[in-house]
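Residue numbers (the working numbering): 31 to 309. In this text, a Cβ means the ideal position worked out from N, Cα and C, and glycines have one as well. Everything numeric in this text was worked out from a predicted model, so none of it was measured.
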Ligand code: HH2
C-alpha cells in the first residue's frame with residue numbers, strides 16, 4: 031500500500047521513517063548525472079526504487095550541485111513531461127524538486143503531491159501562492175547563496191541556530207501567503223553552502239529544527255562531506271557514510287530521508303525505527 035501524505039506529514043509525531051528516492055532527470059547531477067535523462071531509464075529506476083520500498087519519489091530536472099548552471103522552465107518541463115505522469119501512475123506520492131513555480135504547477139497538474147523547493151520560496155515569488163492554492167505540502171530548504179557559488183568559503187557563527195532562524199523566517203513568509211503550517215516540511219540543506227563541520231553540526235543539531243513542529247527532511251545521500259570523511263572520491267561508493275548520516279539524523283529527530291540507495295537505507299531505518307519503539 032502506498033504511503034499517504036498524512037503519514038508523511040505526521041512522521042515527526044509517529045517516528046515513522048519516510049524514504050524519498052531520488053530521480054534526477056538531468057545530464058549533470060553530481061552522483062548520477064546522465065543516467066536517467068532518457069525517459070525509459072528514468073521510469074524503470076522509479077519502479078525499482080518503489081519496489082525497494084521508497085515512500086516518495088523526488089523527481090528533479092535541474093542539478094543544484096555546487097557550480098551547476100540554472101535550467102530554465104521550458105527545459106525542465108521538457109525533461110519531465112514523459113517521466114512525471116508515468117511515475118505518478120505507479121501510485122507512490124511524487125515530489126517535484128524545482129524552484130520554479132510554473133514547473134511545480136505543471137507537475138501538480140500531472141499528479142505530483144509535494145513541492146520540494148531548495149530555495150524555500152526565494153527564487154520564484156509565485157511558489158508559495160501555488161502551494162497555498164493547491165494545498166500540497168512544500169519542503170523549505172536552507173541554502174547559503176546560490177549553487178554556482180555556495181561552496182566558496184561559507185561562514186557561520188552557529189550554523190544550527192542560523193539555519194533554524196532562516197527556516198522560521200521562511201515558514202512565516204509561506205504562512206503569510208496562505209500555506210498551511212501543517213503543509214510545511216523543513217530541511218537544513220546538507221551541502222548547500224556548508225563545510226564539513228557545518229554539515230556535522232546540522233546532523234547532530236537537527237533537534238533544533240524538529241522543535242519547529244514540522245517534519246524534518248534530510249538530504250545527505252552520497253554528498254561530498256561523506257567523501258571528505260571516508261576518502262571515497264566516487265559518490266556511488268558513499269553508501270556506508272550515507273547510512274550513518276541518515277541514522278544520526280533519525281536519532282536526532284529527522285524523519286524524511288532523500289536518498290539514492292533506497293533498499294539499503296530503508297533496511298537500516300527499519301532496524302533503527304524498531305529499536306526506537308522499544309525505548
Ligand atoms: N539535495 C539535492 C537536491 N535536492 N532537496 C532537498 N530537500 N534536500 C537536499 O538535501 C537536496 C535536495 C542535491 O542532491 P542530488 O539531487 O543528488 O544532486 P543534484 O542536485 O546534482 O541533482
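Classification of residue i by the beta-carbon crowding that lies within 10 angstroms, buried from 16 upward
i: residue 251; result: buried
i: residue 165; result: exposed
i: residue 106; result: buried
i: residue 32; result: exposed
i: residue 296; result: buried
i: residue 57; result: exposed
i: residue 264; result: exposed
i: residue 94; result: buried
i: residue 85; result: buried
i: residue 308; result: exposed
i: residue 217; result: buried
i: residue 271; result: buried
i: residue 292; result: buried
i: residue 198; result: exposed
i: residue 284; result: buried
i: residue 150; result: buried
i: residue 253; result: buried
i: residue 178; result: exposed
i: residue 108; result: exposed
i: residue 78; result: exposed
Element boundaries [alpha helix (DSSP H), containing residue i]
i: residue 237; result: 236-240
i: residue 39; result: 35-39
i: residue 255; result: 254-260
i: residue 136; result: 131-139
i: residue 145; result: Looking at the DSSP string, residue 145 is not in any alpha helix (DSSP H); the run it does join, the beta strand (DSSP E), is 144-147.
i: residue 70; result: 69-81
i: residue 164; result: 157-164
Close-in-space but distant-in-sequence residues of the same chain around residue i (CB under 8 Å, 5 per side omitted)
i: residue 184; result: 174, 175, 223, 224, 225 and 228
Contact set for residue i: own chain, Cβ-Cβ below 7 Å, skip 5 residues either direction
i: residue 132; result: 103
i: residue 35; result: 123, 143 and 167
i: residue 186; result: 192 and 228
i: residue 113; result: 55, 69, 72, 73 and 89
i: residue 312; result: What the structure shows of the chain is the stretch from 31 to 309, and residue 312 is not part of that stretch, so it cannot be assessed.
Cβ neighbours of residue i in the same chain (closer than 6 Å, five flanking residues each side left out)
i: residue 181; result: 96
i: residue 127; result: 88, 90 and 146
i: residue 76; result: 53, 87 and 117
i: residue 42; result: 245 and 285
beta-carbon residue i near the ligand HH2 non-hydrogen atom, thresh 6 Å
i: residue 52; result: yes
i: residue 146; result: yes
i: residue 169; result: yes
i: residue 127; result: yes
i: residue 249; result: yes
i: residue 263; result: no
i: residue 94; result: yes
i: residue 48; result: no
i: residue 201; result: no
i: residue 267; result: no
i: residue 66; result: no
i: residue 24; result: Because residue 24 is not part of the residues shown, which for the chain are 31 to 309, the question remains open.
i: residue 288; result: yes
i: residue 35; result: no
i: residue 217; result: yes
i: residue 220; result: yes
Opening and closing residue of the beta strand (DSSP E) in which residue i lies
i: residue 215; result: 214-217
i: residue 51; result: 48-54
i: residue 287; result: 286-289
i: residue 88; result: 86-90
i: residue 170; result: 168-171
Distance cut-off 6 Å: residue i Cβ against heavy atoms of the ligand FMN
i: residue 96; result: The ligand FMN is not among the ligands present in this structure, which contains only the ligand HH2.
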